[in-house]
Amino acid sequence: MNTQPNSLLFCHHCGRLPTEDVRLKRCVRCSVTLYCGRECQKADWPTHK
Numbered sequence: 001m002n003t004q005p006n007s008l009l010f011c012h013h014c015g016r017l018p019t020e021d022v023r024l025k026r027c028v029r030c031s032v033t034l035y036c037g038r039e040c041q042k043a044d045w046p047t048h049k
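In the UniProt record's numbering, the protein residues as written are 1 to 49.
Structure below.
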């Protein structure tokens, strides 16, 4: 159950908020960090791993 308000959900790399067109995806490794797309996930990997 997600107890965080939606205002706290944003892309960890670029800060983008979810919209109707952009659904945030969780990191499958930690299940906490959110990304707006594969590009942001790849760019953030060196610091996130």
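Where a beta carbon is used, it is the ideal one built from N, C-alpha and C, also for glycine.
Whose C-beta lies closer than 6 Å to the C-beta of residue i among residues of the same chain, with five residues either side of it excluded?
i	result
Cys14	Cys40
Cys27	Thr33
Lys25	Tyr35
In whole angstroms, what separates the C-alpha of residue i from that of residue j?
i	j	result
Cys36	Pro46	17 Å
Phe10	Arg38	14 Å
Ser31	His48	12 Å
Glu20	Leu8	17 Å
Ala43	Val22	18 Å
Arg29	Arg16	21 Å
Any idea what DSSP makes of residue i, helix, strand or coil?
i	result
Leu34	strand
Lys49	coil
By Cβ distance, which residues of its chain are closer than 7 Å to residue i, with the 5 residues on each side in sequence left out?
i	result
Pro18	Leu9 and Leu24
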